[in-house]
Each structure stands twice: as C-alpha cells, then as structure tokens.
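Chains as they are written, first to last, in our numbering: chain A, 160 to 469; chain B, 131 to 269.
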C-alpha cells in the first residue's frame with residue numbers, strides 16, 4: 160500500500176516523470192523562443208545537462224544570513240511543487256484523487272511563492288529583496304483571479320471540490336470550456352498561469368535585464384538545481400490543471416484520444432510561449448492594475464454566469 | 131570526474147564583468163547572443179549573477195578602483211569557475227598601455243586566468259574559438 164503511494168510520488172506522475180517531462184517542455188520553450196527570434200536554439204538534452212551540472216557546483220552560503228531558511232526554502236518549494244504535480248498527475252493520468260484536492264493545490268501553490276519570498280529575502284542581497292517584494296505583489300495580484308477561475312468548474316459541476324468529480328461531470332455533460340462562463344474563465348486562467356510561471360509579460364520578479372535574476376540571485380549549485388527543477392515541474396502540472404478543469408482531461412481509452420489530450424496540453428504550452436515572446440514586461444503597477452481591474456472582474460463575471468447556469 | 135567535465139563542457143553559463151572597458155568588447159560579446167552567432171546552440175547562456183556562472187568574462191583595463199571588485203567577484207563565484215580575459219586590454223598591451231590608472235596588466239596579476247582572447251575588439255568567432263580551446267583542455 161505504502162509502496163503504491165511512494166510510486167505515485169517518486170516515479171510516475173511524481174518526481175521522475177514530472178521532472179523529465181518538465182525538462183523536455185522547458186526545452187520546447189527555449190527552442191520555440193529561439194525560432195521566434197530566428198536563432199537555432201539549444202540541443203534537446205540541454206536542460207538535463209544544465210541541472211546535472213548544477214549538482215556538481217559549490218554551494219555558497221551568505222555570511223550573516225539565516226542559513227536555515229536559505230537552505231530550507233528551495234527544498235520546501237520543491238516539495239510543495241512535487242506534491243502538487245503528483246496530485247494533478249494522478250487525477251489526470253490515473254483517475255485517482257483525494258477529497259477536496261483543489262483546495263490543497265491552491266494552498267500548495269501559495270507555499271511555493273512564500274518559500275521563494277523567504278529564500279530571497281533571507282540573503283540580504285538588494286536585488287533578491289526587490290525580487291521578493293515584486294513576487295509578493297504579483298502573488299497578491301494573480302491569486303484572486305486564479306481562485307475565481309478555479310471556482311467556475313467547481314460551480315459548473317455542482318459544487319464538487321474534487322478534480323475527479325469535475326472530470327466525471329465533463330465526461331457526462333460535455334466540456335466546461337464549451338459554455339460562455341467556461342471560455343471566459345479559461346482565457347483568464349491562461350493569463351494567471353503566465354503570472355504563476357513568471358513568464359514574459361509578468362516576469363516582474365525575475366526581470367533579467369532589470370534586477371538580474373531577482374530572487375534566485377544568491378543561490379548556487381544544488382540549491383539552484385532545486386529551484387530549476389521546481390520551475391520545470393510547474394511547466395507540467397499548471398497547463399495540465401487547466402486541461403483537467405476546463406477541457407475534459409487526457410483520456411487513455413484510444414490512441415486518438417491520447418493524441419488529442421497531448422495536443423490540448425501542447426496548445427496551451429505553445430500559446431503561453433508565444434505570449435511570452437510577443438509581449439514586453441509590464442511595470443509592477445500596470446500588472447497589478449491589470450489583474451485587479453480587468454482579469455479579476457472578468458473572472459467574477461464568469462463565476463456569476465456559472466451560478467446562473469450559462 | 132571525467133563524466134562531469136564532459137557535461138560541464140556542454141552547459142557553460144557565462145557571467146560578463148566589465149572592468150573599466152571602452153565598451154567595444156562588451157558590444158562584441160553581446161553579438162554572440164544574436165541570431166548571427168547564437169551561442170545558445172552550444173548550451174551557453176549569459177546569466178545575471180556570478181553565483182550561477184561557470185565562466186567569468188572580464189573586459190577592459192582593470193583600473194585601481196575596479197581591481198578589488200573583480201577579485202571579490204572571483205571569490206564569490208561558485209567553483210569550478212574559469213576566467214577568460216577578452217580583448218587586448220586584459221593581456222597587457224593596447225591603446226591604454228601607458229595609462230596611470232591600470233592595476234591589471236595583464237589580468238592575472240589580480241585573479242588566475244584560464245584563457246585570453248586578444249584583439250581590439252576580438253571578433254565573435256575568435257571568442258567562440260577561445261572558449262572552445264579552453265574547454266578542450268578540460269579532461
């Protein structure tokens with residue numbers, strides 16, 4: 160029994176699968192970005208080599224900083240992302256789940272951001288501190304819209320706070336994206352994913368050209384590898400979560416449905432990458448204004464439409 | 131260790147430190163990222179923090195004000211790190227040879243240097259060649 164859960168956590172939808180698949184999707188991101196800029200792009204195994212290389216580098220601790228938080232933050236963030244990807248993966252691939260796992264997923268995703276803020280501010284580096292502050296502002300901005308987006312499938316499926324029940328509802332009654340409230344919530348959801356992943360229009364926390372890498376600035380070696388792996392795993396489960404919530408998940412009944420499921424996932428990923436490559440970075444106040452004045456009210460409209468049954 | 135070096139060769143993250151240059155070499159370094167040369171196809175990436183870096187590129191005459199900072203950068207980097215001096219300024223002889231404000235002439239008076247790429251400025255092809263030759267010494 161316990162081995163089954165360990166298998167879920169460490170091998171199939173969990174650590175091994177999510178990190179390998181995430182690194183491949185990370186390669187797709189770099190390759191598509193390179194092609195958009197008329198470059199060749201990195202070779203296929205680049206992300207694997209990068210992470211492996213980081214394991215052999217030195218870890219440097221910052222003098223006069225709380226070492227415990229500095230070392231614990233990437234491990235906590237990695238663990239929370241690992242559990243989230245296991246939950247989403249078991250629901251998406253194996254049709255298994257625990258009661259109320261959506262609430263659990265929302266909390267675990269906040270833990271990732273909180274760990275990033277703690278780890279960044281523990282170093283005392285000025286750029287890290289600016290990055291931590293911006294991460295906090297972005298979290299305040301996108302969290303409300305994201306929760307409202309998740310509320311739409313919950314209401315549509317008859318107030319079931321469970322990925323499996325939402326999937327079963329969609330198999331019986333058609334996909335949630337087909338309704339008016341579903342399509343609005345789905346579009347706002349993709350924008351929220353962009354902010355959760357800190358990708359281009361909302362890469363305010365780790366603005367490379369402005370605050371040179373931001374929160375991860377002082378991290379080196381294996382601790383940086385933990386952050387990288389956590390980021391790659393987010394490539395897997397965040398689009399998959401949207402596919403499950405709105406688009407009927409990935410079913411394994413026939414070859415055609417498997418291909419359709421993978422195409423749904425890849426469509427969201429490529430859409431996010433293209434959005435990343437065609438948009439400049441927003442200012443912090445513009446991004447917060449966008450989420451509070453446009454995205455959240457739009458998601459609220461979707462929730463009201465869902466309650467009315469449209 | 132042989133396996134690690136083999137992988138390290140294919141995943142080089144570069145940090146670029148300007149030690150009082152005339153900006154000519156820096157522009158040529160940025161050329162490496164453009165579609166014409168695209169060093170990302172070799173797995174090289176320009177990173178913003180020296181903690182992430184595998185190669186430290188130094189450009190310019192190292193003036194007395196910058197010298198301690200370059201030393202500090204080298205000490206802050208996660209080992210193993212390789213230092214490459216870009217441009218004739220770092221090797222010792224160029225336009226600013228006679229300058230009074232020159233601490234690093236050549237650069238390895240301040241920090242250990244693994245390779246020099248001379249030229250004023252060196253062509254991007256020369257820089258790629260220099261890095262490839264440096265990585266060839268890794269066993």
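Just so it is clear, CB atoms sit at the ideal spot from N, CA and C, and this is done for glycine as well.
Proximity test, Cβ basis, 8 Å: residue 367(A) and chain B: Counted from its first residue, the first chain places residue 367(A) at position 208. It does; some Cβ of chain B falls within 8 Å.
Taking CB distances under 8 Å as the criterion, tell me whether residue 171(B) reaches chain A. Here residue 171(B) corresponds to residue number 41 of the second chain, with the count starting at 1. With 8 Å as the cut-off, residue 171(B) counts as an interface residue toward chain A.
Residue 214(B) (DSSP reduced to helix, strand or coil): To locate residue 214(B), count along the second chain from 1; it is residue 84. DSSP places residue 214(B) in strand when its eight states are reduced to three.
Count the CB pairs spanning the stretch 363 to 371 of chain A and the stretch 410 to 424 of chain A that are closer than 8 Å, and state whether there are at least three. The stretch 363 to 371 of chain A is not in contact with the stretch 410 to 424 of chain A.
Who are the neighbours of residue 377(A) on chain B, taking C-beta pairs under 7 Å? To locate residue 377(A), count along the first chain from 1; it is residue 218. Here the neighbours are 181.
CA-CA distance, residue 220(A) and residue 229(A)? On the first chain, residue 220(A) is found 61 positions in, with the first residue counted as 1. On the first chain, residue 229(A) is found 70 positions in, with the first residue counted as 1. For residue 220(A) and residue 229(A), the distance between alpha carbons rounds to 8 Å.
Pull the bridge partners of residue 148(B) from the DSSP assignment, please. In the second chain, residue 148(B) corresponds to position 18, counting from 1. Residue 148(B) is bridged by DSSP to 189(B).
By a C-beta neighbour count over all protein chains shown, 10 Å radius and 16 as the cutoff for buried, is residue 470(A) buried or exposed? Only positions 160 to 469 of chain A appear in this structure, which leaves residue 470(A) out of reach.
Considering only the alpha carbon of each residue, which of 436(A), 215(A), 417(A) lies closest to residue 252(A)? Counting from 1 along the first chain, the entry for residue 252(A) is found at position 93. Among 436(A), 215(A), 417(A), the Cα nearest to that of residue 252(A) belongs to 417(A).
Check whether the stretch 328 to 344 of chain A and the stretch 443 to 455 of chain A are in contact - that is, three or more C-beta pairs closer than 8 Å. Contact fails: fewer than three Cβ-Cβ distances are below 8 Å.
Residue burial classification, residue 205(A) (beta-carbon count within 10 angstroms, cutoff 16): Along the first chain, read from residue 1 onward, the residue named residue 205(A) stands at position 46. By the neighbour-count rule (16 or more Cβ atoms within 10 Å), residue 205(A) is buried.
Does DSSP put residue 402(A) in a helix, in a strand, or in coil? Position 243 of the first chain holds residue 402(A). It is helical.
Name, in chain order, the residues that DSSP records as bridge partners for residue 176(B). Position 46 of the second chain, counting from 1, holds the residue named residue 176(B). BP columns for residue 176(B) point to 144(B).
Taking the alpha-carbon positions, what's the residue 434(A) to residue 453(A) distance? The residue given as residue 434(A) occupies position 275 in the first chain. The residue given as residue 453(A) occupies position 294 in the first chain. Across the structure, residue 434(A) and residue 453(A) are spaced so that their CA atoms are roughly 18 Å apart.
Spatial neighbours of residue 214(A) in its chain, beta-carbon cut-off 6 Å, leaving aside the 5 residues before and after: The sequence position of residue 214(A) within the first chain is 55, counting from 1. Excluding positions up to five away in sequence, the list reads 381, 384.
First through last residue of the alpha helix (DSSP H) which encompasses residue 331(A): Position 172 of the first chain, counting from 1, holds the residue named residue 331(A). Residues 322 to 332.
Going along the chain, which residues of the stretch 131 to 145 of chain B sit with their C-beta nearer than 7 Å to a C-beta in chain A? Cβ contacts with chain A: 134, 137, 138, 140, 141.
From 143(B), 251(B), 198(B), pick the residue whose C-alpha is nearest to that of residue 152(B); which is it? Numbered from 1 along the second chain, position 22 holds the residue referred to as residue 152(B). Of the candidates 143(B), 251(B), 198(B), the one whose C-alpha sits nearest the C-alpha of residue 152(B) is 251(B).
Measuring only the C-alpha atoms, how far is residue 209(B) from residue 173(A)? Within the second chain, numbered from 1, the residue matching residue 209(B) stands at position 79. Within the first chain, numbered from 1, the residue matching residue 173(A) stands at position 14. Roughly 32 Å separates the two Cα atoms.
For residue 202(A), which residues of its own chain have a beta-carbon under 6 Å away from its beta-carbon, when the five flanking residues on both sides are left out? Taking the first chain and counting its residues from 1, the one referred to as residue 202(A) is at position 43. Excluding residues within five positions, none has a Cβ falling inside 6 Å.
Mark residue 258(A) as exposed unless 16 or more other C-beta atoms lie within 10 angstroms of its C-beta, in which case mark it buried. The residue labelled residue 258(A) in the question sits at position 99 within the first chain. Burial is judged here by how many other beta carbons sit within 10 angstroms of a residue's own beta carbon; residue 258(A) has fewer than 16 and is exposed.
For the candidate residues 370(A), 249(A), 468(A), 426(A), whose alpha-carbon lies nearest to that of residue 169(A)? Here the question's residue 169(A) lines up with position 10 in the first chain. Residue 169(A) has its Cα closest to that of 249(A), out of 370(A), 249(A), 468(A), 426(A).
Closer than 8 Å at the beta carbon, the chain A residues around residue 177(B): As a working note, residue 177(B) is residue 47 in the second chain. Chain-ordered, the chain A residues with CB closer than 8 Å to the CB of residue 177(B) read 372.
Just the chain B side, please: which residues come within less than 7 Å of residue 209(A) by C-beta, in chain order? Reading the first chain from its first residue, position 50 is the one you call residue 209(A). The contacting residues are 141.
Residue 304(A) in three-state terms, based on DSSP: Position 145 of the first chain, counted from the first residue, corresponds to residue 304(A). Here DSSP, grouped into helix, strand and coil, assigns residue 304(A) to helix.
I need the DSSP call for residue 196(B), collapsed to helix, strand or coil. Here residue 196(B) is taken as the residue at index 66 of the second chain, counted from 1. The answer is coil: DSSP assigns residue 196(B) none of H, G, I, E or B.
What first and last residue would you give for the alpha helix (DSSP H) that runs through residue 458(A)? Numbered from its first residue, the first chain carries residue 458(A) at position 299. Here the alpha helix (DSSP H) through residue 458(A) covers 455 to 467.
Quick one: list the residues of chain A neighbouring residue 209(B), beta-carbon separation under 8 Å, in chain order. As a first step, residue 209(B) is located in the second chain; it is residue number 79 there, counting from the start. The answer, in chain order, is 216, 217.
Starting from the C-beta of residue 224(A), find all residues in its chain whose C-beta is less than 7 Å away, skip the five residues before and the five after it, and write them out in chain order. What you label residue 224(A) is simply residue 65 of the first chain in a count that begins at 1. Closer than 7 Å at Cβ, skipping near neighbours: 281, 282, 283.
Under DSSP, the alpha helix (DSSP H) around residue 187(A) begins and ends at which residues? Numbered from its first residue, the first chain carries residue 187(A) at position 28. Note, residue 187(A): alpha helix (DSSP H), 174 to 195.
Assign residue 247(B) to one of three DSSP states: helix, strand, or coil. Stepping through the second chain from its first residue, residue 247(B) is reached at position 117. Three-state DSSP puts residue 247(B) in a strand.
Rounded straight-line distance, which links the Cα of residue 237(A) to that of residue 388(A): Within the first chain, residue 388(A) is the residue found at index 229, counting from 1. Within the first chain, residue 237(A) is the residue found at index 78, counting from 1. So the alpha carbons of these two residues sit roughly 7 Å apart.
To which residues of the same chain is residue 277(A) closer than 6 Å at the C-beta, ignoring the five residues directly before and after it? Residue numbering aside, residue 277(A) sits at position 118 when the first chain is read from its first letter. Excluding the 5 residues flanking it on each side, residue 277(A) has same chain C-beta neighbours closer than 6 Å at 228, 232, in chain order.
Against residue 193(A), what residues of chain B qualify as contacts under a CB-to-CB distance less than 7 Å, listed in chain order? As a position in the first chain, residue 193(A) is number 34, starting the count at 1. Correct list: 170.
Please confirm if the stretch 394 to 408 of chain A is in contact with the stretch 323 to 338 of chain A, defined as three or more CB-CB distances below 8 Å between the two stretches. As far as the Cβ criterion goes, the stretch 394 to 408 of chain A touches the stretch 323 to 338 of chain A, which means the pair count is three or higher.
Taking 8 Å as the cut-off, decide whether the C-beta atoms of residue 352(A) and residue 431(A) are in contact. Counting from 1 along the first chain, the entry for residue 352(A) is found at position 193. Counting from 1 along the first chain, the entry for residue 431(A) is found at position 272. Yes. Within cutoff.
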